[in-house]
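Undergrad: Here the sequence shown stands for residues 424 to 740, numbered as in this note's numbering. Glycine included, each C-beta is placed from N, C-alpha and C at the ideal position.
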Amino acid sequence: MNATAIAHPNIALVKYWGKRNRALNLPAVPSVSVTLAPFETKTSVQWGGDSDRFVINGVAATGAAQQRIASFLNLIDPSRPPVFVDSTNNFPTAAGLASSSSAFAALALAATAAAGRQMVLEDLSVLARQGSGSACRSLWGGFVTWRLGTQSDGTDSHGVPIDNEAHWDLRVVVALVSDQKKAVSSRDGMNRTQESSPLFDGWVTSGPNDVAEAEAAIRSRDLERLGTVMEHSTMKMVGTMVSAQPAVLYMKPSTLAVLHAVRELRSRGVPAWSTMDAGPNVKVLTTPEAEAAVIEHLRPHVPKVHSLSVGGPARLL
Ligand code: DP6
């Protein structure tokens, strides 16, 4: 059977960084995200054919990327037939713009449908999590918490919606420092951090409080409260990265320039807070009213600026 799905990426407002179980991809900390449009991944799956073939942005996947998709499909059915996957992003892949979140959410939805499996969103989220942790939050639109869960098999560690995309009209301005594929993947970066940063324990114990703070801020639409906890979570994560051995250093000179520019904007009364992920790009959380001022202020520092809105859920076409 054939099926096609579309999913938006999400960015973490409170970060996932570190795993308590690598085999099941269970997180060391809970996290909170916002789903972003119009960035999206569109994935078509044909379940049954002559041989596995996985095409990402028009290029056949090989090596580790191919293996990662094959293993993911085996989770759906260990005795599956050969599968054809064709996946396209309308934004840069593997550059710290959360492409793995939309990729595995869209693949989970399209592949299970093509395999004739009907699954509830929570189970799709558990499946997507095993492809890439952040993907478990991209099944829903709007604002999502990824719960730690307590079950040893990971069945309760999945996304839980806080509220949908209609709850709060926000903007995320992406200051694109670089759209090159990053040298250290988020997976390798977080494993190295967990193994070697002396700050990692503090990161883990302080995580749940940040999630509670972000959830309360989202429910009450308090942007200052949300922006403050998002920046704090981001800087704590970066602190664990740069204190790893060897340091996981995604920031470039323009990354720092943008971080300072955002602080300066805020000192002038513009509502703007910054976050980063496993890459040099900075994402700035702001209001629709302040969007133009933020874009204008950041443009001199970076080659490209994107502006994103709160996106909807993953869906089958
Ligand atoms: C910094 O979800 O890409 O973007 O589970 O190993 O595939 P794996 O990692 P991934 O890591 C995302 C890390 C982050 C923070 C976040 O999205 O919460």
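Determine the contact status of V549 and T568, defining contact as a CB-CB distance below 7 Å.
TA: no
Undergrad: Considering only residues of the same chain and omitting the five flanking positions on each side of M664, which have a CB-CB separation below 6 Å?
TA: T616 and V671
Undergrad: Let me know the secondary structure DSSP gives S575 once reduced to three states.
TA: It is coil, neither helix nor strand.
Undergrad: Within a Cβ cutoff of 6 Å, which residues of the same chain sit near P736, ignoring the five residues on either side of it in sequence?
TA: W563 and G564
Undergrad: Hey, quick one: how far does the alpha helix (DSSP H) through D624 stretch, first residue to last?
TA: Looking at the DSSP string, the run of the alpha helix (DSSP H) that includes D624 is F623 to R642.
Undergrad: Between the Cα of G467 and those of F527, V597 and M653, spot the shortest distance and give me the residue it belongs to.
TA: The residue asked about is misnamed: residue 467 is Ser in this sequence, not Gly. Nearest of F527, V597 and M653 to S467, Cα basis: F527.
Undergrad: Just to check, is the beta-carbon of D586 closer than 6 Å to a non-hydrogen atom of ligand 1?
TA: no
Undergrad: Quick check on DSSP: helix, strand or coil for D546?
TA: helix
Undergrad: For the alpha helix (DSSP H) that contains R445, what are its first and last residues?
TA: Looking at the DSSP string, R445 is not in any alpha helix (DSSP H), and its letter there is neither H nor E.
Undergrad: On a CA-only basis, which of L740, A446 and P432 is nearest R610? Give me that one, please.
TA: A446
Undergrad: Relative to the C-alpha of Q603, which residue among L682, V506, V693 and A701 is closest?
TA: A701
Undergrad: Skipping 5 residues on each side, what residues in its chain have a beta carbon closer than 6 Å to that of G441?
TA: A451, M613 and Q617, listed in sequence order.
Undergrad: Going by the beta-carbon positions, is the gap between A384 and T427 smaller than 7 Å?
TA: Since the displayed the chain opens at 424 and closes at 740, residue 384 lies outside it and no answer follows.
Undergrad: Starting from the Cα of S522, find the closest Cα among R594, N632 and I434 and give me that residue.
TA: Comparing Cα-Cα distances from S522 to each of R594, N632 and I434, the minimum goes to I434.
Undergrad: If you follow the alpha helix (DSSP H) that G612 is part of, which residue opens it and which one closes it?
TA: Per DSSP, the continuous alpha helix (DSSP H) segment holding G612 begins and ends at S609 to S619.
Undergrad: Just verifying my parser: in three-state terms, what is the DSSP assignment at F514?
TA: Correct three-state label for F514: coil.
Undergrad: Cβ-heavy atom distance between N512 and ligand 1 below 6 Å?
TA: no
Undergrad: Note down, in chain order, each residue of its chain lying with its Cβ closer than 7 Å to the Cβ of R722, except the 5 sequence neighbours on either side.
TA: V728
Undergrad: Consider the C-beta atom of N656 and the heavy atoms of ligand 1; say whether any pair is separated by less than 6 Å.
TA: The residue you asked about is not Asn; residue 656 is Ser in the sequence shown. No.
Undergrad: Provide the residue span of the alpha helix (DSSP H) that contains R722, from first to last.
TA: No alpha helix (DSSP H) contains R722, which DSSP labels as neither H nor E.
Undergrad: With distances taken Cα to Cα, identify the nearest neighbour of N448 among E545, L571, H590 and D624.
TA: Selected option, being the one with the closest Cα: L571.
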